[in-house]
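Here the structure is laid out as structure tokens; the discussion comes afterwards.
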Amino acid sequence: MDETKNKPSEKMAKLDARIIYLAMFIALLIPILRPLGLPLPISDMTRKAYEYVDSLPSGSKVLLALHVSVGLWPEVEPGTIAILSHLFSKSIKVVIISWGADEPVLVESTLTKVDKMGKQYGVDWVNLGYYAGMETAMAAFAKDVHGLVKRDFYGTPIENLPIMKDIKSAKDFNLVIYDTASDIAPMIRQFVAAYGIPMVAFCTIGWVPSFMPYLTAGQIVGMVPGIRGGAEYELLIKRPGSGATTTDALSLGFILLIVLSILGNVIWYSRKIGMR
14 MDETKNKPSE
24 KMAKLDARII
34 YLAMFIALLI
44 PILRPLGLPL
54 PISDMTRKAY
64 EYVDSLPSGS
74 KVLLALHVSV
84 GLWPEVEPGT
94 IAILSHLFSK
104 SIKVVIISWG
114 ADEPVLVEST
124 LTKVDKMGKQ
134 YGVDWVNLGY
144 YAGMETAMAA
154 FAKDVHGLVK
164 RDFYGTPIEN
174 LPIMKDIKSA
184 KDFNLVIYDT
194 ASDIAPMIRQ
204 FVAAYGIPMV
214 AFCTIGWVPS
224 FMPYLTAGQI
234 VGMVPGIRGG
244 AEYELLIKRP
254 GSGATTTDAL
264 SLGFILLIVL
274 SILGNVIWYS
284 RKIGMR
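Residues in the sequence shown are numbered from 14 upward in steps of one, following the numbering used here.
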């Protein structure tokens, strides 16, 4: 009888893969059902974004511009919810505009998850909807808001919206927040370079290397990268949400993968010793 078959290392080596899949499923599910609040260091780029927004006085005007497709929206939604919650808590007026056709509907869905703290539509915030043309539309909006925008997303003439009466051009905004899964250069050219408006970037994680030179050069004052950045922002405003939950799940999943990798190597080494 081959005694090696009864050794723990041999039994573990033949462990049913479905047990591993089940363990991973449970590891990912637990934080979703009951967030663990695992430690999450706050990156310098996210902290800079938070501190700049937090320094804005009440009554400031912020432009939230978006260009994110449906498929990538889940990566930036936690950060978007967090920043809107932060802005509303400080009584900052928010103008939302979209450079892609997907965003107006996504924004509508996301706004249902945001505590608006009694802020009134048309007075404290507005959704202007989608404007085609990308950089051409950006330039037109920055130069003459009322020249480009005639109605909001719901069809209301902007002259009937109190929030829009004092907003004529990019110069009337205290900050631009660009929520994007694409190149930031057009917004830098049309708002930062042309009018000197400070900008914070919310981006998918894949765009971080491309955005870093702008952060280093001071052309953006802060950056919130992907789900991780969204989770950090949630913690900074003391409102843990879907970003923190997702980050907990990913962290627990990675911990399990590390344990399994170590265990696999131990088993391999034990079997190798046993064959000598």
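Cβ atoms here follow ideal geometry from the backbone N, Cα and C, with glycine treated the same way. All values derive from a computational prediction rather than experimental measurement.
Item                                                                                                                     : Value
Unbroken stretches of the beta strand (DSSP E), 3 residues or longer, contained in the segment 197-221                   : 212-216
Distance CB(I171)-CB(K74) smaller than 8 Å                                                                               : no
Environment of G242 [buried if 16+ CB atoms lie within 10 Å]                                                             : buried
For D192, the three-state DSSP class (helix, strand or coil)                                                             : strand
Residue range of the alpha helix (DSSP H) that includes W112                                                             : Careful: W112 lies outside any alpha helix (DSSP H) and carries neither H nor E.
Cut-off 6 Å between Cβ atoms - residues of its own chain near V189, not counting five sequence neighbours on either side : L76, F204, I210, M212
Within 8 Å, strictly: CB atoms of V234 and F215                                                                          : no
Beta-bridge partners of A78, as assigned by DSSP                                                                         : I110, Y191
Beta-carbon gap between T217 and E90 smaller than 8 Å                                                                    : no
8 Å contact criterion, which A40 and L269 should meet: CB distance rounded                                               : 5 Å
For Y143, the first and last residue of its enclosing alpha helix (DSSP H)                                               : First-last for Y143: 138-143, but that is the beta strand (DSSP E), not the alpha helix (DSSP H).
Rounded distance between the beta-carbons of E245 and S56, thought under 8 Å                                             : 6 Å
G243 (DSSP reduced to helix, strand or coil)                                                                             : helix
Nonlocal neighbours in the same chain, by C-beta distance under 8 Å from V108, ignoring five residues either side        : K74, V75, L76, L77, W138, V139, L141, I176, M177, I180, F186
Boundaries (first-last residue) of the beta strand (DSSP E) holding M236                                                 : 235-238
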